[in-house]
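Chemist:
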Amino acid sequence: MRISQDRTGDGWAIDTQRRKIGDLAKLRGWRVVAEYEDSSVSASKPRGAGTDWARMLKDADAGRFDIVVAVDIDRLLRSTKDLNTLIDHGLQVVTVDGEIDLATADGEFRATMLAGIARFEARRKAERTIRSNERRRAEGMPVLSGWTPFGYTKDGAQIPEQAEAIQRAFADFTASRPKSIRGIAEDLNAAGFVTSRGRPWSTYAARYLLNNSLYAGFIRYNATGELFPVAEGNRWQPIISEALWRRSAAKLRDNKAKVDRRGNQPRYLLSGVARCGRCGAAMVAGQNEHRVPNYRCGQNFHVSR
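Dropping the structure here:
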């Protein structure tokens with residue numbers, strides 16, 4: 023199952039896909055042994071390790087199933103390379119619209135044509151996105167990847183209480199006695215804020231916030247790192263000064279350099295091993311309020327027992 027980043031609502035919703043696939047399996051007398059979902063993973067990018075596509079292929083190699091069911095071929099395949107992968111795994115493909123027998127020349131030809139069309143549509147959409155992003159940068163408009171940055175409305179107006187939280191975060195991080203990135207995330211969570219995606223603040227999300235040039239009035243072109251100033255009169259106006267953002271960005275680079283110099287040798291016995299018993303996230307070393315060493319959840323800050 024897959025749903026794209028298109029938020030028009032015209033596509034197959036995940037629940038609808040799940041229901042239609044379940045109905046077809048019940049009609050055929052098949053047992054659904056696993057579900058695989060790659061939602062909001064760009065169709066123009068490869069699906070590598072960590073995706074449900076990779077998990078599906080691993081399960082196929084383990085012999086968990088021999089039939090793959092999707093509502094439509096473009097929900098399953100993004101390119102002829104994907105198709106060849108399924109053929110190499112000896113899998114049978116069935117869609118809500120009908121069965122595609124990859125063991126026959128006719129079925130393989132039909133699937134190849136449909137996969138080619140899916141690839142064409144993905145490439146064309148990617149090219150349109152690139153042109154649109156270039157136009158927005160030229161006009162001094164932020165290039166948004168589907169989520170409105172914390173601190174702004176979708177129209178670019180500042181949200182006062184969020185803007186104040188951003189100012190505090192940058193000030194605390196660059197102070198003479200700076201607060202850690204983890205501390206910034208904890209403060210945001212304690213104040214009742216969530217990220218633009220509606221999730222609790224993690225160290226990763228806080229680090230992204232502290233490195234976001236938009237808050238200083240600059241749009242970063244990720245391909246080159248080049249900065250474009252937000253156009254005057256545009257609603258996406260700075261929340262902090264350029265100087266404050268540059269201090270924060272420099273501190274983040276310095277922190278990364280220190281980590282790189284230390285290398286990958288773990289400093290703590292359970293580094294990379296222990297997992298949170300509540301949410302499954304990696305545990306990291308820290309200290310409690312009495313400076314007693316302990317382990318904490320690295321994602322949601324659950325303290326070890």
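The numbering of the sequence shown is the working numbering, which starts it at 23 and goes up by one.
Where is the CB? At the ideal position from N, CA and C, for every residue including glycine.
On the three-state DSSP scale, how would you describe PRO251?
Modeler: strand
Chemist: On the three-state DSSP scale, how would you describe PRO171?
Modeler: coil
Chemist: With 16 other CB atoms within 10 Å as the buried threshold, where does TRP75 fall?
Modeler: The residue in question, TRP75, is buried, as its Cβ has 16 or more Cβ neighbours within 10 Å.
Chemist: Please state the DSSP three-state secondary structure of ASN316.
Modeler: strand
Chemist: Give the range of the alpha helix (DSSP H) segment to which ALA47 is assigned.
Modeler: Going by DSSP, ALA47 is part of the alpha helix (DSSP H) stretching over 36-50.
Chemist: Looking at the structure shown, is GLN184 part of a helix, part of a strand, or coil, going by DSSP?
Modeler: helix
Chemist: For a test of the three-state rule: what should DSSP assign to ASP32, helix, strand or coil?
Modeler: Any reading at ASP32 must be qualified, since the residue scores a pLDDT of 42, below 50, and its modelled position is unreliable; no value is offered.
Chemist: Can you tell me the Cα-Cα spacing of PHE240 and ASP209, whole angstroms?
Modeler: 26 Å
Chemist: Would you mind working out which of ASN106, ARG275, LYS48 and ASP119 sits nearest GLU130, comparing C-alpha positions?
Modeler: It is ASN106.
Chemist: Give the C-beta separation of ALA193 and LEU231 to the nearest angstrom, bearing in mind that I take them to be a contact with Cβ-Cβ under 8 Å.
Modeler: Going by Cβ atoms, the distance from ALA193 to LEU231 rounds to 13 Å, so no, they are not a contact pair.
Chemist: Can you pull the DSSP bridge partners for PHE6?
Modeler: Nothing about residue 6 can be read from this structure; the chain reaches only from 23 to 327.
Chemist: When you compare only the Cα positions, how much space is there between PRO251 and SER202?
Modeler: 29 Å
Chemist: Please name the residue in GLN184, ALA227 and ALA304 whose C-alpha comes closest to that of PRO260.
Modeler: GLN184
Chemist: Report the residue from ILE109, ILE188 and TYR226 whose alpha carbon sits nearest the alpha carbon of LEU79.
Modeler: ILE109
Chemist: Could you check the C-alpha separation between TYR237 and GLY72 for me, to the nearest Å?
Modeler: 31 Å
Chemist: Considering only residues of the same chain and omitting the five flanking positions on each side of HIS111, which have a CB-CB separation below 6 Å?
Modeler: ALA82
Chemist: By alpha-carbon positions, which one of VAL216, ASN234 and VAL54 ends up nearest to PHE87?
Modeler: Out of VAL216, ASN234 and VAL54, VAL54 has the C-alpha closest to the C-alpha of PHE87.
Chemist: Let me check one thing: in DSSP terms, what residues is MET305 bridge-paired to?
Modeler: CYS319
Chemist: For PRO171, count the other beta carbons within 10 Å of its own beta carbon; 16 or more makes it buried, fewer makes it exposed. Which is it?
Modeler: Buried is the call here.
Chemist: Does DSSP put ALA56 in a helix, in a strand, or in coil?
Modeler: coil
Chemist: For SER218, which residues from the same chain have a beta carbon less than 6 Å from its beta carbon, with the 5 sequence-adjacent residues on both sides left out?
Modeler: TRP169, THR170 and PHE172
Chemist: Which of the three DSSP states is assigned to ALA84 in this structure?
Modeler: Here ALA84 sits in coil by DSSP.
Chemist: Is the separation between the beta-carbon of LEU266 and that of ARG229 shorter than 8 Å?
Modeler: no
Chemist: Quick one: is LEU98 buried, meaning 16 or more other Cβ sit within 10 Å of its Cβ, or exposed?
Modeler: buried
Chemist: Restricting to Cα atoms, I'd like to know which of TRP52, ALA197 and TYR243 is closest to ARG4.
Modeler: The chain is shown from 23 up to 327; residue 4 falls before or after that span and cannot be answered.
Chemist: In whole angstroms, what separates the C-alpha of LYS215 from that of ASP96?
Modeler: Lys is not the amino acid found at residue 215; the sequence shown has Phe there. Distance between the alpha carbons of PHE215 and ASP96: 37 Å.
Chemist: Are ALA133 and VAL116 close, meaning C-beta to C-beta below 8 Å?
Modeler: no
Chemist: Short check: CB of VAL306 to CB of ARG318, under 8 Å?
Modeler: Yes, Cβ-Cβ distance for VAL306 and ARG318 is below 8 Å.
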